[in-house]
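One structure is given below, encoded as structure tokens.
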Amino acid sequence: MTKGRPGSDPRVRCANAPNNLTDQNLKIVIIDESAVRAAILEEGLREAGFTQVVRIAEMTNLLARVYAIDPDVILIDLENPSRDVLEQMFQVSRVVKRPVAMFVDQSDTASIQASVDAGVSAYIVDGLKKERIKPILDTCISRFNAFARLQGEVDRARNALEERKVIDRAKGVLMKAKNLTEEESYARMRRAAMNENKKIVEIAQSILTAAEMLK
Amino acid sequence: MSGNDRMRIGYIPLVDAAALVVAVDKGFTADEGLDVDLVREVSWSNVRDKLNIGLFDAAHLLSPVAVASSLGIGHVRVPLVAPFNLGFNGNAITVTPDLMEALCGATDGDLADPMVSARALAGVVAARKARGLEPLTFGMTFPFSNHNYQLRFWMAAGGVDPDEDVRLVVLPPPYMVESLANRHVDGFCVGAPWNSVAVDLGVGRILHFGCDILARTSEKVLATRGTWSQENPDRLQRLLRALRRAADFIENPANRGEVAALLAMANRIAVPQEIVRGTLEGNLKIAADGTRRAAAHYFEIGNERGARPAPLQAAWIYAQMVRWGQAPLSPELLMAARSVYRPDLYDAAIGDSACRLGEASGDGIGAFAGPSFNPVDISHYLSAWMQVPRSRPRLVTD
């Protein structure tokens, strides 16, 4: 199953080496169109000692690309339609040389849930002991979750920036129309927001809308 | 509306999700007191997994996936039930202009006849082999799909071994057309709208409608977990009534424009209205030169005979799994497959109606070749193909 890569064959173990040394020779493929997330995951796997990590970003002829790398473990994000291509690898056929299995099995609903929640799915070459690659899935889940948090922070920061711009523009409108200072304009909007139980940005937005209509 | 009546239903953006989309967007589910969140997915594996672990209460599912999941074939075993058939047929086989030309050159007959085209394919395959060329490659959508089984049925009838003589590869439908255009595949079998998209771009020609191969196959079902259907009989019945109403609405030709507009929305199927309309009407452009073809049974949404699930269809699907080595043959598995399709649940919700017409004429499948399908004795049925060496399944014609 590991043609030409004797060192990575999980069945071949060096007598003196701790188990995790051979585990770290496992070849892992990441199929993810998000370069940032793939980089975060790859870094996590390297930190955990898995050095043979290859990313596939191009989805055409995916099966051929996977076979060219000949991995032991395949990780794919759930937003990727090509996940169905990997399902073909459950059975050997003319196009499938090495069958795979889902990493998680029936008995492990918690792992299924955790990986689906994180947005990732793991496949392993049939015959590989599942407990041996548990750390890979765990790393994968935690890194995918970290990416989602990061993404959330980026989105929030972007929103905050957008809100800041709206408030500044509304301040400008008030300063001009009412001949107020910047501080007075802001204080007025804040008071209105408190009275109406709204956010300042909502008040600012209605000022901009009104100003546009009254032009 | 109590929180109890919320439902999450997964679907893949294909025209045969129409009953679900119409039921929700026309407010039929709301009329039944259901608050349905329709969740668009990108892969059948995702739909299956999210249904299995309970993130979805129900889903638009490839009929063979519902059977495979219930039998535990290829994946985790989760018993599913199919109380409503969302669509019949709707697939087509599209080939590159080059392959079309090669097929024309390999026969004097009419390629519209699937037996003629299948034998022509065998001729092309043999000629390529003799010249030492790479085998032809065909795309399909999922190992457990009618697309896979229709391609195989067609080829094998002409003497082509789908596992030895050609390559069959899974391709996500959105990538089919591109793969045909850049010659990663020589043909594919896929549902609407992708065949039409390939024809419109001039990179493919529709060779056969799925109904040329098999007159009547259950393409997609509404599936729920067996346990969910037992724990939520009332919600299930309300959902089925809303779907029935949606299917009636879709079947009424006066509503075609509105249905096409609903499905074409960016947040639903997101394809041009004309393509949706052509699919619903069974009238498709099949060649770049503008040639059109109409077929009454190209595609059917649960019309008066169709929505009530027929266990015969599940037996047919299981027979294909056995024929192509995906599942072992056993009376228990056949029984388990048949019991995925639940006309009793449909009847409980809809009541006695014209749906009794669901028993179709003939053997209920209408294959273009081979013996009549016998849903009770599938081993005898399959033996017609198995008399030749196992590695070369082909139809025995004597």
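If you read the sequences in order, they're chains A and B.
At position 90 of the first sequence (counting the first as 1) the number is 90 in the numbering used here, and the numbers step up by one without a gap.
At position 328 of the second sequence (counting the first as 1) the number is 1328 in the numbering used here, and the numbers step up by one without a gap.
Ideal placement from N, C-alpha and C gives every residue a C-beta, glycine not left out.
HIS1060(B) does not reach chain A, its nearest Cβ partner there being about 15 angstroms away, counting only Cβ pairs nearer than 8 angstroms. Comparing C-alpha distances from ALA1348(B) to each of ARG1293(B), ARG1077(B), GLU1300(B), LEU1236(B) shows the shortest one belongs to LEU1236(B).
Around the beta carbon of MET1321(B), 16 or more other beta carbons lie within 10 angstroms, which makes this residue buried.
ASN1195(B) is outside the set of residues whose beta carbon lies under 9 angstroms from a beta carbon in chain A. By DSSP's assignment, MET1140(B) forms a beta bridge with VAL1170(B).
Residues of the segment 1170 to 1203 of chain B with a C-beta atom less than 9 angstroms from some C-beta of chain A are VAL1170, LEU1171, PRO1172, PRO1173, PRO1174, TYR1175, GLU1178, SER1179, ASN1182, HIS1184, listed in chain order.
One Cα belongs to ILE31(A), the other to ALA1157(B), and the distance between them is close to 37 angstroms. Between ASP1035(B) and MET1265(B), the gap from beta carbon to beta carbon reaches 9 angstroms or more. With distances taken between CA atoms, THR1217(B) lies nearest to SER1145(B) out of ARG1040(B), SER1145(B), GLU1251(B).
Between GLY1132(B) and PRO1173(B), the alpha-carbon positions lie close to 30 angstroms from each other.
The three-state secondary structure of SER1045(B), taken from DSSP, is helix. Taking a 10 Å sphere around the C-beta of LYS27(A), we find 16 or more other C-beta atoms and assign the residue as buried. Within the segment 1062 to 1076 of chain B, the residues whose Cβ lies closer than 7 angstroms to some Cβ of chain A are GLY1074, HIS1075, VAL1076, listed in chain order.
According to the DSSP secondary-structure assignment, HIS1060(B) is paired through a beta bridge with LEU1222(B). Judged by DSSP secondary structure, ILE30(A) falls outside any alpha helix (DSSP H) and instead within the beta strand (DSSP E) spanning 28 to 31. In this structure, HIS1075(B) places its C-beta atom within 9 angstroms of the C-beta atom of PHE90(A).
Put simply, the segment 1134 to 1148 of chain B touches the segment 1161 to 1178 of chain B. At least three CB pairs are less than 8 angstroms apart.
For PHE147(A), no chain B residue has a C-beta closer than 9 angstroms to its own C-beta; the minimum C-beta separation is roughly 18 angstroms. Apart from sequence neighbours up to five positions away, the residues of its chain that approach ARG1152(B) with a beta-carbon distance below 7 angstroms are PRO1162, TRP1324, ordered along the chain. Near chain B, meaning a CB-to-CB distance below 8 angstroms, no residue of the segment 122 to 143 of chain A qualifies. A direct Cα-to-Cα measurement between GLU1032(B) and ASP1057(B) gives close to 16 angstroms. 9 angstroms or more divides the Cβ of ILE207(A) from the Cβ of GLU196(A). GLN1230(B) is classed as exposed because its beta carbon has fewer than 16 other beta carbons within 10 Å across all chains shown. Under the three-state reduction of DSSP output, ASP1035(B) falls in the strand class. In this structure, ILE124(A) places its C-beta atom within 9 angstroms of the C-beta atom of VAL73(A).
The three-state reading of DSSP puts LYS199(A) in coil, since its state is none of H, G, I, E or B. Within the same chain, Cβ atoms closer than 6 angstroms to the Cβ of PHE1028(B) are found at ALA1242, ARG1245, ALA1246, the five residues on either side in sequence being excluded.
Of the residues assessed, SER1070(B) falls on the buried side of the cut-off, its CB having 16 or more other CB atoms within 10 angstroms. For ARG37(A), the enclosing alpha helix (DSSP H) covers residues 35 to 47. Chain-order list of chain A residues neighbouring PRO1143(B): GLU87, GLN88, PHE90, GLN91, by C-beta distance under 8 angstroms.
Residue pairing by DSSP places MET1007(B) opposite VAL1036(B) in a beta bridge.
Exposed is the label assigned to GLY1351(B), since fewer than 16 other Cβ atoms lie within 10 Å of its Cβ.
Per DSSP, the unbroken beta strand (DSSP E) holding ALA1294(B) starts and ends at 1292 to 1294. As a beta-bridge residue in DSSP terms, ARG55(A) pairs with ILE30(A). When secondary structure is reduced to three states using DSSP, SER142(A) falls in the helix class.
Contacts with chain B (Cβ-Cβ distance below 8 angstroms) from the segment 63 to 84 of chain A involve LEU63, LEU78, GLU79, ASN80, PRO81, SER82, ARG83, ASP84, listed in chain order.
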